[in-house]
Amino acid sequence: MAVDQETSIWLAVHQEASAEIAREPILAGFLHTTVLKHDSLESSLSFHLAGKLASESLPSILLRELIDETMAADPRIGRAIRADLQAVHDRDPASHGYLTPFLYFKGFHALQAHRIAHWLWNQERRVLAVHLQNRISEVFGADIHPAACMGSGILIDHGTGVVIGETAVVEDNVSMLHEVTLGGTGKQTGDRHPKVREGVLIGAGAKVLGNVEIGAGAKIGAGSVVLDAVPPHRTVAGVPARIVGMPHTTAPALEMDQSIPHVYTDGSGI
Ligand SMILES: CC(C)(COP(=O)(O)OP(=O)(O)OC[C@H]1O[C@@H](n2cnc3c(N)ncnc32)[C@H](O)[C@@H]1OP(=O)(O)O)[C@@H](O)C(=O)NCCC(=O)NCCS
């Protein structure tokens, strides 16, 4: 019988956990309670996130119920979790399978916990959503406003220092590295954050400021400050960022193509 992708990712996590117990008996208890005793990816992740995000004000047992209820209410969350895990597996050379990012990668955890906070925000349970945002940023070091709209198949590598503002949109198959800011300029109110279209790659430490559109398949160099719209399939770099070339591929986020192919010394672009 063919195994669909939804099941195969869970099977892979499960099998890798079993194999790891043989290699590292010291982790047997953790792997058993976190992965092996569960019957689905959702159940395992909910248990794991609840343990990490628990606090005196919201203990893990209550958090677990909340996460389970949210995932059951919106099956798109489960699909997005799998697409994100597949993205980490395919694009992050440090992932070595599915189990390691599932258990340990903060960017993945922050994004999945954000998906719960985002659902709560849209249900008008806004204080609880912000409560969760606060714990996510305390625990994982990434601060994603619960109203921010995140697509699926997203890689947030490392997670540390990532800040994504309230009216930001990040479409499917985007990759970003640590310390990326999708923020406001401080001069606008209302809809004031970037709109990042499909397949964009954002390098470490890049600051994208204002309600600017980053076109599909664009690439932003590490450490850039982007203040203007970026056309699709262009590479920008610098402070402030200027067009410096064109990515080799249509979706640089998928290839993690971090090269700057062609630099125009006069900054005039292509
Ligand atoms: C500095 C800032 C307030 C803009 O100030 P401003 O005086 O209105 O500047 P403008 O947007 O008119 O830009 C003036 C020039 O400075 C450049 N510039 C603006 N912000 C810049 C920055 N952060 N770094 C480098 N150059 C910058 C612009 O490109 C422009 O250059 P040009 O005249 O050659 O085209 C704003 O861009 C900024 O950096 N705000 C901080 C926002 C922030 O930290 N957000 C995070 C929220 S989570």
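Counting in my numbering, the sequence shown runs from 33 upward without gaps.
Ideal Cβ placement from N, Cα and C applies to all residues, glycine included.
Computed from a predicted model, the values in this text were never measured in an experiment.
Going by alpha carbons, who is nearest to residue i out of the options?
i	options	result
residue 36	114, 103 and 54	114
residue 224	278, 198, 172 and 182	198
residue 289	274, 275, 73 and 267	267
residue 44	129, 116, 59 and 145	129
residue 172	161, 84 and 94	84
residue 203	100, 64, 187 and 216	187
residue 79	89, 87 and 97	97
residue 192	141, 75 and 61	141
residue 211	248, 279, 46 and 138	138
residue 252	148, 284 and 221	284
residue 121	47, 81, 41 and 178	41
residue 73	170, 250 and 100	100
residue 81	259, 104 and 136	136
Can you tell me which of the three DSSP states residue i falls into?
i	result
residue 259	coil
residue 278	coil
residue 288	coil
residue 112	helix
residue 215	strand
residue 102	helix
residue 138	helix
residue 184	coil
residue 161	helix
residue 294	Confidence is the limiting factor: at residue 294 the pLDDT is only 48, short of 50, which leaves the residue's position unreliable and the question unanswerable from this model.
residue 71	coil
residue 122	helix
residue 145	helix
By the 10 Å Cβ neighbour count, where 16 or more other Cβ atoms means buried, how is residue i classified, buried or exposed?
i	result
residue 55	exposed
residue 165	buried
residue 109	buried
residue 93	exposed
residue 298	Residue placement at residue 298 cannot be trusted, given a pLDDT of 47 that sits under 50; what the coordinates show is reported in the next sentence. Result: exposed.
residue 112	buried
residue 51	exposed
residue 156	exposed
residue 161	buried
residue 220	exposed
residue 125	exposed
residue 104	exposed
Comparing the CB of residue i with every heavy atom of ligand 2, is any distance shorter than 8 angstroms?
i	result
residue 218	Inclusion of ligand 2 in the displayed structure is not the case, the ligand content consisting of ligand 1 alone.
Quick check: the Cα distance between residue i and residue j, rounded to an integer number of angstroms?
i	j	result
residue 127	residue 189	10 angstroms
residue 209	residue 254	9 angstroms
residue 67	residue 49	7 angstroms
residue 276	residue 269	6 angstroms
residue 231	residue 123	12 angstroms
residue 159	residue 235	32 angstroms
residue 176	residue 131	24 angstroms
residue 168	residue 134	16 angstroms
residue 300	residue 39	Unreliable positioning characterises residue 300 in this predicted model, as indicated by a pLDDT of 40, which lies under 50. The coordinate reading is nonetheless provided below. About 49 angstroms.
residue 261	residue 64	48 angstroms
residue 264	residue 102	35 angstroms
residue 200	residue 57	44 angstroms
residue 257	residue 237	9 angstroms
residue 287	residue 213	22 angstroms
residue 150	residue 70	25 angstroms
residue 272	residue 244	14 angstroms
residue 148	residue 282	31 angstroms
residue 228	residue 248	8 angstroms
residue 145	residue 47	24 angstroms
residue 88	residue 95	11 angstroms
With a cut-off of 8 angstroms on the beta carbons, I'd call residue i and residue j a contact; round off their distance for me.
i	j	result
residue 184	residue 116	6 angstroms
residue 216	residue 241	7 angstroms
residue 206	residue 174	Contact doesn't hold; Cβ gap of about 14 angstroms is too wide.
Shorter than 9 angstroms from the beta carbon of residue i to some beta carbon of chain B?
i	result
residue 274	In the displayed structure, chain B is absent; only one protein chain is listed.
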